[in-house]
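Student: Reminder that position 113 of the sequence shown reads as 113 in the UniProt record's numbering, one-by-one numbering, no gaps.
Where a beta carbon is used, it is the ideal one built from N, C-alpha and C, also for glycine.
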Amino acid sequence: MFVTLLKAKLHRACVTHAEVDYEGSCAIDGQLLDAAGIHDYEQIEIYNVTNGERLSTYAIRGEEGSRIISVNGAAAHKASPGDRVIICAYGSMDEAEVARHKPRLLYMDEHNQVKNSRNAIPVQAA
């Protein structure tokens with residue numbers, strides 16, 4: 001049996017561009033893709049903290065070191081520059097992999113610099 005788990009997250013990244021006429025769905029700085037372990041053309045989910053929109057798309061490599069987060073094509077109608085988003089990638093794993101799995105969680109500042117990283121989300125208090 002396979003289970004789908006969170007593989008990687010860019011938490012509260014800042015949208016830098018929204019390009020309706022650009023091919024590809026979400027360009028992400030190549031350094032951030034590598035740090036998160038997200039592959040070119042991998043399916044991602046984008047959760048827009050600013051306006052509540054949620055969408056499924058794929059990642060494309062943006063210029064290394066640019067800190068770009070560009071929501072492109074039809075997805076550009078769901079985000080604007082300055083919006084804060086959570087970008088997640090998920091993976092299917094068998095039970096043995098689930099027991100060992102640690103996601104890559106990157107917490108971003110308003111300039112898309114990594115403030116810190118973890119491999120677990122703290123327990124939420126009641």
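Under the assumption that residue 16 contacts residue 84 (Cβ atoms under 8 angstroms), give the Cβ distance between them as a whole number of angstroms.
Tutor: Against the sequence shown, residue 16 aligns to sequence position 16. Against the sequence shown, residue 84 aligns to sequence position 84. Contact doesn't hold; Cβ gap of about 12 angstroms is too wide.
Student: Determine, using beta carbons only, whether residue 59 and residue 26 come nearer to each other than 9 angstroms.
Tutor: Along the sequence shown, one-based indexing puts residue 59 at 59. Along the sequence shown, one-based indexing puts residue 26 at 26. Result yes, Cβ atoms of residue 59 and residue 26 sit closer than 9 angstroms.
Student: I need the DSSP call for residue 73, collapsed to helix, strand or coil.
Tutor: Locating residue 73 in the sequence shown gives position 73, counting from the first residue. Helix at residue 73.
Student: Taking just the CA atoms, how far does residue 2 sit from residue 56?
Tutor: Residue 56 sits at position 56 when you count from the first residue of the sequence shown. Residue 2 sits at position 2 when you count from the first residue of the sequence shown. Near 21 angstroms, if we compare the C-alpha coordinates of residue 2 and residue 56.
Student: Taking the straight line between their C-alpha atoms, what separation do you get for residue 111 and residue 28?
Tutor: As a position in the sequence shown, residue 111 is number 111, starting the count at 1. As a position in the sequence shown, residue 28 is number 28, starting the count at 1. Each residue's alpha carbon lies about 13 angstroms from the other.
Student: How would you write the range of the alpha helix (DSSP H) that residue 34 sits in, first residue to last?
Tutor: Your numbering for residue 34 matches position 34 in the sequence shown. Element bounds for residue 34: 30-36.
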